[in-house]
Amino acid sequence: MLAPKRLLTALALTLIGSTAAQAADEVVVYSSRIDELIKPVFDVYTQKTGVQVKFITDKEAPLMQRIKAEGENVTADLLLTVDAGNLWQAEQMGILQPFTSKVIDANIPLQYRASSHAWTGLSLRARTIAYSTDRVKPGELTTYEALADKQWEGRLCLRTAKKVYNQSLTATMIEVHGAEKTEKILKGWVNNLSTDVFSDDIAVLEAINAGQCDVGIVNTYYYGRLHKQKPDLPVKLFWPNQGDRGVHVNLSGIGLTKHAPHPEAAKALVEWMTTPEAQKIFADVNQEFPANPAVQPSAEVASWGKFVADTLPVEIAGKRQAEAIRMMDRAGWN
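Rendered as structure tokens:
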């Protein structure tokens, strides 16, 4: 029989082991994606593994500030958000920790992952040109840059420059063209606006449909949402820059928090989310492109046609984000 002191020690160790095992059966995700876009993925993972995935949804900025404020007492294991610009910001804030994974490296192309291994892409969206099928012929369209030409004066709609999606597009243009040429293009876009900028991409698409403008720049999944509601929408997508750098592509992605309470369980979830099974669910629910090239997009997304995507590493969008914001302000893009 164990002596009382030794018995208490054994009981304490048993309780610690039990708590650790329980902790490993749970992963907490802070997510800027709305519930219905991520819950189906997490539900399947729980069914397969028994690991509960708890998630809190909010805008990306409050979530990142919350992780920073919680410090070593952070609740979140993972940060799930949209756009490489946001993921870059989280990395710069010091709230993510890098980890390497042969599974992720095999499933997700290099340009859709952080070079520091602090985050990885999960699904892709193209930010491309939308046009009125009543007033524009596809042959009139060529590149993003050409939307600054005189022929589009009074015919262009844009979303606000305050949205990270446009900041990232601008950042990649700076990387490709340099500051002087990119600023000239932005000023051309602003000059060609038919109306004030809009708060979101759906409003841009609705404006094209209503005849307020003839062309705009939007993320593909917004088009997918609206087209699903209005199958006869006289608006289509055009893939620009097919003769040079390709279509601007960004992503939704995920990173491990610096003080994650359940790091190994969180890593396992991220790895699974890059597999074909999860990628198919993740992409289909929000009409996005899978980040894993082995997975085909949904029939709806595939119907938009194939395109050559820009191979520029998406983290460039974060590295040049501050420069892009200042330039957009100078160009009068508000």
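Here the sequence shown stands for residues -23 to -1, 1 to 311, numbered as in mature numbering (1 follows the signal peptide of the UniProt record, and there is no 0).
Ideal Cβ placement from N, Cα and C applies to all residues, glycine included.
Source: prediction; values computed, not measured.
- Sequence-distant partners of residue 210 (beyond 5 residues in either direction) whose C-beta falls short of 7 angstroms from its own C-beta, in its chain, are 186, 203, 204.
- Within its own chain, the residues whose Cβ lies closer than 8 angstroms to the Cβ of residue 156, once the five positions on either side in sequence are excluded, are 300, 304, listed in chain order.
- The closest CA to that of residue 104, considering only 165, 11, 69, 200, is found on 200.
- Between residue 244 and residue 40, the alpha-carbon positions lie close to 20 angstroms from each other.
- The Cβ atoms of residue 45 and residue 115 do not sit closer than 9 angstroms to each other.
- Under the DSSP definition of a beta bridge, residue 231 partners with 57, 97.
- Counting along the chain, residue 194 sits inside the beta strand (DSSP E) bounded by residues 192 to 196.
- Judged by DSSP in its simplified three-state form, residue 136 adopts strand.
- For the alpha helix (DSSP H) assignment, the uninterrupted runs of no fewer than 4 residues enclosed by the stretch 213 to 284 are, from N- to C-terminal side, 240 to 250, 253 to 263, 276 to 279.
- Membership of residue 4 in the beta strand (DSSP E) is indicated by the continuous run 3 to 8.
- Judged by DSSP in its simplified three-state form, residue 29 adopts strand.
- The closest CA to that of residue 177, considering only 168, 171, 196, is found on 196.
- Cβ atoms of residue 260 and residue 275 come within 8 angstroms of each other, at about 7 angstroms.
- In the three-state reduction of the DSSP assignment, residue 175 falls in the strand class.
- Within a 10 Å sphere around the beta-carbon of residue 311 sit fewer than 16 other beta-carbons, which makes this residue exposed.
- Take residue 148, set aside five residues on each side of it, and the residues of its chain with a beta-carbon closer than 8 angstroms to its own are 62, 293, 294, 295, 296, 297, 298, 300, 301, in chain order.
- Between the stretch 76 to 86 and the stretch 17 to 34 there are fewer than three C-beta pairs closer than 8 angstroms, too few to call the two in contact.
- Taking the Cα positions, residue 218 is about 44 angstroms away from residue 28.
- Contact check for residue 286 against residue 101 passes: the beta carbons are separated by less than 9 angstroms.
- The Cβ atoms of residue 247 and residue 78 lie closer than 9 angstroms to each other.
- When 162, 257, 190, 264 are compared, the shortest CA-CA separation from residue 308 is found for 162.
- Between the stretch 87 to 96 and the stretch 219 to 237, the count of C-beta pairs closer than 8 angstroms reaches three or more; the two stretches touch.
- Contact between residue 234 and residue 60 is ruled out by a C-beta separation of about 18 angstroms, above the 8 angstroms threshold.
- Contact between residue 57 and residue 6 holds: their C-beta atoms lie close to 5 angstroms from each other, under 8 angstroms.
- The C-beta distance from residue 174 to residue 137 rounds to 5 angstroms, short enough to meet the 8 angstroms contact threshold.
- Contact annotation, residue 135 with residue 72: C-beta distance approximately 31 angstroms; criterion of less than 8 angstroms not satisfied.
- Taking residue 258 as the centre and dropping the five residues before and after it, the same chain places the C-beta of 17, 18, 21 closer than 8 angstroms to its C-beta, in chain order.
- Excluding residues up to 5 positions away in sequence, 269, 271, 272 lie with their Cβ nearer than 7 angstroms to the Cβ of residue 253 in the same chain.
- Of the candidates 191, 224, 238, 23, 191 places its Cα closest to the Cα of residue 128.
- Burial is judged here by how many other beta carbons sit within 10 angstroms of a residue's own beta carbon; residue 92 has fewer than 16 and is exposed.
- Counting only the Cα atoms, residue 281 lies some 30 angstroms from residue 164.
- Its chain contains 131, 132, 133, 134, 189, 190 as the residues whose beta carbon lies nearer than 7 angstroms to that of residue 171, once the 5 sequence neighbours on both sides are disregarded; these appear in chain order.
- Residue environment analysis places residue 207 among the exposed positions, since fewer than 16 neighbouring C-beta atoms fall within 10 angstroms of its C-beta.
- A direct Cα-Cα distance of roughly 11 angstroms separates residue 50 from residue 43.
- Assigned with DSSP and collapsed to three states, residue 108 falls in strand.
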